[in-house]
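**Q** First, the structure itself, so that you have it in front of you.
Numbering (this note's numbering), first residue to last: 1234 to 1344.
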């Protein structure tokens, strides 16, 4: 997958319902990021740092996100099918984290 396509896809999350992903309390990733000015960073960088962690939290908290995150791993991150949705979801999150760190060369923690 081309880097530009993935960047556009990630940017579009703020405009669609993927960030709620069926979670019962409708937690919204975009609204969670309110700390960027405290750490003197851009809003986008802060979102890049918290997105994989938010996804992991939801994956462990709410079974309704498993299929969505599995599709994300397969269709957006281009992972190989691991055989079940939970494994695909975890592999997709790991691929996203690697993309942010290794391809975009962005930090993955607030440190």
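Ideal Cβ positions, reconstructed from N, Cα and C, are used throughout, including at glycine. The structure displayed is predicted, hence computed values, not measured ones.
For residue 1273, is the classification buried or exposed, using 16 other Cβ atoms within 10 angstroms of its Cβ as the cut-off for buried?
**A** Position 40 of the chain shown, counting from 1, holds the residue named residue 1273. It is exposed - the Cβ of residue 1273 has fewer than 16 other Cβ atoms within 10 Å.
**Q** Which residue wins for smallest C-alpha separation from residue 1292, given the options 1306, 1281, 1279?
**A** Taking the chain shown and counting its residues from 1, one reaches residue 1292 at position 59. When only C-alpha atoms are compared, the closest one is 1306.
**Q** Between 1329, 1290, 1338, which has its C-alpha nearest residue 1308's C-alpha?
**A** Walking along the chain shown from the start, residue 1308 turns up at place 75. Selected option, being the one with the closest Cα: 1329.
**Q** Could you pull out every residue in the same chain whose Cβ sits closer than 6 Å to the Cβ of residue 1312, ignoring the five residues on either side in sequence?
**A** In the chain shown, residue 1312 corresponds to position 79, counting from 1. Here the set comprises 1306, 1324, 1325, 1328.
**Q** Could you check the C-alpha separation between residue 1321 and residue 1270 for me, to the nearest Å?
**A** Working through the chain shown from its first residue, we reach residue 1321 at position 88. Working through the chain shown from its first residue, we reach residue 1270 at position 37. Spanning the two alpha carbons is a distance of roughly 34 Å.
**Q** Applying the criterion that 16 or more other CB atoms from any shown protein chain within 10 Å of the CB defines a buried residue, is residue 1266 buried or exposed?
**A** Residue numbering aside, residue 1266 sits at position 33 when the chain shown is read from its first letter. That one is buried.
**Q** Taking just the CA atoms, how far does residue 1316 sit from residue 1304?
**A** Within the chain shown, numbered from 1, the residue matching residue 1304 stands at position 71. Within the chain shown, numbered from 1, the residue matching residue 1316 stands at position 83. Going by the C-alpha atoms only, they are around 12 Å apart.
**Q** Give the single residue among 1286, 1280, 1318 whose Cα lies nearest to the Cα of residue 1296.
**A** Locating residue 1296 in the chain shown gives position 63, where the first residue counts as 1. The option with the nearest alpha carbon to residue 1296 is 1318.
**Q** Run through DSSP, which three-state label would residue 1344 get?
**A** For the purposes of this step, residue 1344 is taken as residue 111 along the chain shown, with counting starting at 1. If DSSP states are grouped into helix, strand and coil, residue 1344 belongs with coil.
**Q** Within its chain, find whatever has a CB closer than 7 Å to the CB of residue 1339; leave out the 5 residues flanking it on each side and keep chain order.
**A** To locate residue 1339, count along the chain shown from 1; it is residue 106. For residue 1339, where only same-chain residues beyond five positions count, the Cβ hits under 7 Å are 1278, 1281, 1333.
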